[in-house]
Every structure is written in C-alpha cells, then in structure tokens.
Amino acid sequence: EAQVTQNPRYLITVTGKKLTVTCSQNMNHEYMSWYRQDPGLGLRQIYYSMNVEVTDKGDVPEGYKVSRKEKRNFPLILESPSPNQTSLYFCASSLYAQASNEKLFFGSGTQLSVL
Amino acid sequence: AQSVAQPEDQVNVAEGNPLTVKCTYSVSGNPYLFWYVQYPNRGLQFLLKYITGDNLVKGSYGFEAEFNKSQTSFHLKKPSALVSDSALYFCAVSRLSGGYQKVTFGIGTKLQVIP
C-alpha cells in the first residue's frame, strides 16, 4: 500500500532533550516536506526536500533540522525542543518536486508536547 | 507571494442539505488549487484539484469545487451532506517558487453535519 509513515504518533518530552520524528514514504517520491499544524494558524511549512541531499527552509524553520540521506526517508530533528514547539506535525510527499500540480500524500501526524 | 483565506472557522449544516465551504486565494499567475480533508486523528487526504479547464471540478466522496477566476474563489460544495462528512477542510494553493513547488494552506474550516 502506498503510504507515508510517521513515527511516533504521540511524543511527550522535556525542554532541551533532543528528539527525532521519522518519516518514510514507499512511493519513490522526489518531494518531501514537514508541516506543523496549530489552531488558528493552519499548516505551516517547516522544511522541504527536493531530492536526496537537497533541502531548504520553509516558512517556520527555526529550531528544526532535517536530512535527506535516502530518497524514502526525511526525519525531523529538534535538537533542543522548547514549549513553543508543542504542536501537531505532519510529513508529506509528492511525486515531482518541480511540478506544482501534484497532490500531497500525508502521514498520520505526530502530536508533540514539550514540557 | 501567495495566500489562502478560509473566512469561516466552522460551518454547520443539517444532514441532507447542500453544503458550501468557502475559499479565496491570492497568487500571481495561473493558480493550482486543492482541497484536502482531515478526519479526527488522521492526516490530510486529497479531495480534488483545479489545474485548468472546466471551472467545476469533481472529486472524492461526492464533493465538487467551483473555480471563479474573477472572484479568486474556489469554494467546496456537496449537494447533500452526510454526517460522515464532518471533518476539517483545508484549501491550498500551489505554484513554483525557485523552481520547486510551494504549497500554502488556509487555516481550515471545521464542517459539522448535524443529524
């Protein structure tokens, strides 16, 4: 089954403790992206990747890191989480990075709470 | 720059009645417009998209959307609402930025279908 898999679904951590949220897709998609969803703000893009070893900042990149060492994986890293990073996070992918008419496939989300 | 406005935080409709969820957009050039749906505790799912051609776009689950260039709108519609349509709906606009796709989402509209 074609899908985007995120783990974990729920994560509670404390300020400053490094964490990684994993994302994997099995559709050979070029483009992958991370979003955070906050009430009243909708989805805001954190980082995106056009292909292996090619990443760029989205609209709200501060406090986050990403890597794309393999085409299928795009982990989100919070090196020193803070309470304002408490949010619902989504990974998404699409087939081509250089086409703007491609639909996005989303993971099921990761609810992160930073205490 | 590009933006999407969803003017209603919530739309309530009785089961069996027609529903409309509003979306207006701002983007330079020809827009690619999307609707996604988010059911509770799930990721976003693609509903439909407008690229070019017929202004009435048909999508999944009996939904359709009407593109109106002069009003820069892309309203989501369904002739007869079901209780199972209750969910959060996101409008999105996509274009190429720096050679790669850039997707901007609205803040979402919660649809409540009342039995």
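Protein chains in written order, with the numbering used here: chain A, 1 to 115; chain B, 1001 to 1115. For glycine and all other residues, C-beta sits at the position ideal for the given N, C-alpha and C. Remember, it's a predicted structure, so these values are computed and weren't measured experimentally.
- Distance from the CA atom of Ile12 of chain A to the CA atom of Ile46 of chain A, rounded to whole angstroms, is 20 Å.
- Collapsing the DSSP output to three states places Asn1041 of chain B in coil.
- Within the same chain, Cβ atoms closer than 7 Å to the Cβ of His29 of chain A are found at Ser93, Ser94, Leu95, the five residues on either side in sequence being excluded.
- At a cut-off of 8 Å between C-beta atoms, Glu102 of chain A counts as an interface residue with respect to chain B.
- Counting only the Cα atoms, Thr86 of chain A lies some 16 Å from Asn1041 of chain B.
- Not a single CB atom of chain A sits nearer than 8 Å to the CB of Gly1059 of chain B.
- DSSP lists A:Gly42 as the beta-bridge partner residues of Asp38 of chain A.
- Shortest Cα-Cα distance from Leu88 of chain A to any of A:Thr5, A:Gly42, A:Gly16, A:Leu19 involves A:Gly42.
- With a 10 Å radius around the Cβ and a threshold of 16 neighbouring Cβ atoms, Thr20 of chain A comes out exposed.
- Here Tyr1050 of chain B is actually not in contact with Leu1076 of chain B; their C-beta atoms are around 11 Å apart, not less than 8 Å.
- Rounded to the nearest angstrom, the gap between the Cα atoms of Glu102 of chain A and Asp38 of chain A is 24 Å.
- Take the alpha-carbon of Gln1038 of chain B and the one of Gly109 of chain A: they are about 11 Å apart.
- Rounded to whole angstroms, Gly63 of chain A and Pro75 of chain A show a C-alpha spacing of 14 Å.
- Where Lys1078 of chain B is concerned, the enclosing beta strand (DSSP E) starts and stops at 1073-1078.
- Judged by DSSP in its simplified three-state form, Asn84 of chain A adopts helix.
- For Val1103 of chain B, the chain A residues whose Cβ falls inside 7 Å of its Cβ are Leu104, in order along the chain.
- At a Cβ-Cβ threshold of 8 Å, Cys1023 of chain B and Val1011 of chain B do not count as neighbours.
- Within the DSSP bridge table, the entry for Gln1010 of chain B names B:Lys1110 as partners.
- Nearest to Phe90 of chain A by alpha-carbon distance, out of B:Leu1111, B:Leu1044, B:Val1013, B:Leu1048, is B:Leu1044.
- In the three-state reduction of the DSSP assignment, Tyr64 of chain A falls in the coil class, being assigned neither a helical nor a strand state.
- Look at Tyr96 of chain A here: in three-state DSSP terms it is coil, with no helix or strand label.
- Those residues of the stretch 40-70 of chain A placed with their C-beta closer than 7 Å to a C-beta in chain B are Gly40, Leu41, Gly42, Leu43, Met50, ordered along the chain.
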